[in-house]
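S.K.: Once you've had a glance at the structure underneath, I'll fire off some questions.
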Amino acid sequence: MSKYAEYEQSRQSFGINVLGTLIVEVEADSGQTGFAVTTAGEMGCFIVEKHLSRFVEGKCVSDIKLIHDRMLNATLFYSGSGGLVLNTISCIDLALWDLFGKVVGLPVYKLLGGAVRDEIQFYATGARPDLAQEMGFIGGKMPTHWGPHDGDAGIRKDAAMVAEYREKCGADFWLMP
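Going by the numbering used here, the first residue of the sequence shown is number 74, and it counts up by one from there.
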């Protein structure tokens with residue numbers, strides 16, 4: 074969308090944040106709950122309530138892969154296996170894994186095969202990677218404002234912006250334009 078002048082400065086200007094948040098909570102007969110959050114908002118809620126809930130309600134929480142497969146295949150005709158529908162399915166998956174871990178008394182990482190590292194490194198996404206660095210993140214993913222439609226001049230502007238943040242943040246900070 075950055076090829077349109079009125080949208081080039083911010084992804085929020087063209088509505089990337091318009092969907093809102095979808096919160097999924099699944100509950101076992103025991104009363105234990107699993108919880109997850111994604112971007113999908115009211116549309117994702119509609120998909121869960123009107124379509125996907127039939128694949129979850131009354132099912133055994135240990136059948137996560139089967140539940141996922143059924144949800145995915147049942148939505149292919151209107152999702153193309155991506156976008157908002159996949160976000161919604163993934164949110165249900167995460168809530169089910171959260172619940173399953175609680176039911177069996179294990180953290181999810183152990184259910185998935187165990188720890189593969191001692192710590193996790195995080196980067197932040199936003200227009201100011203220098204602020205991400207100040208907050209202690211290992212890196213910053215930043216939007217670029219110009220693209221191929223802006224020709225060489227646009228690419229030079231993006232390169233200059235990245236160089237400016239490289240100078241501010243230093244060589245050891247992950248910078249992802």
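The beta carbon of each residue, even a glycine, is placed where N, CA and C say it ideally should be.
1) Alpha carbons only, please: which of VAL99, ARG190 and THR148 is nearest the one belonging to GLY131?
2) Buried or exposed, going by whether 16 or more other CB atoms sit within 10 Å of the CB of PHE210?
3) So THR161 and LEU95 are in contact, right, with Cβ under 8 Å, and what is the actual spacing, rounded?
4) Relative to the alpha-carbon of MET215, which residue among LEU159, ASP203, GLU192 and LEU179 has its alpha-carbon at the smallest distance?
5) How far does the beta strand (DSSP E) with GLU207 in it reach, from first residue to last?
6) Which value, in whole angstroms, describes the spacing of the CA atoms of VAL178 and VAL121?
7) Can you tell me whether ASP191 is buried or exposed, with buried defined as 16 or more other CB within 10 angstroms of its CB?
8) For chain C, is any of its Cβ atoms less than 8 Å away from the one on ALA147?
9) Which residues in the same chain have their Cβ closer than 6 Å to the Cβ of VAL97, if we skip the five residues on either side of it in sequence?
10) Mapping DSSP to helix, strand and coil, what is THR217?
11) Could you name the residues of the same chain whose beta carbon sits closer than 6 Å to that of GLY217, not counting the 5 residues immediately before and after it, in chain order?
12) Along the chain, where does the beta strand (DSSP E) containing ILE193 start, and where does it finish?
13) For HIS124, which option in ALA78, ILE137 and LEU145 has the closest C-alpha, if you only look at C-alpha atoms?
14) Looking at the unbroken beta strand (DSSP E) that takes in LEU179, where does it start and where does it end?
15) Hey, could you find the ends of the beta strand (DSSP E) PHE108 is sitting in?
16) May I ask which residues mark the beginning and end of the alpha helix (DSSP H) holding ILE228?
17) Which of the three DSSP states, helix, strand or coil, is assigned to THR156?
M.R.: Let me lay it out:
1) VAL99
2) buried
3) 6 Å
4) ASP203
5) Run containing GLU207: none in the beta strand (DSSP E); it sits in the alpha helix (DSSP H), 202-207.
6) A small fix is needed here, since residue 178 is Gly in this sequence, not Val. So the two alpha carbons sit approximately 27 Å from each other.
7) So ASP191 counts as exposed.
8) The structure shown has no chain C; it contains just one protein chain.
9) ALA109, CYS164, ILE165 and ALA168
10) coil
11) It is Thr, not Gly, that sits at residue 217 in the sequence shown. Excluding residues within five positions, the ones whose Cβ falls inside 6 Å are ASP231 and PRO250.
12) Taken as a continuous stretch (DSSP letters only), ILE193 belongs to no beta strand (DSSP E), as it is neither H nor E.
13) Taking only the C-alpha atoms, the option nearest HIS124 is LEU145.
14) No residue range can be given for LEU179, since it is assigned to no beta strand (DSSP E) and is classified by DSSP as neither H nor E.
15) 106-112
16) 224-242
17) It should be pointed out that residue 156 corresponds to Gly in this sequence rather than to Thr. Helix.
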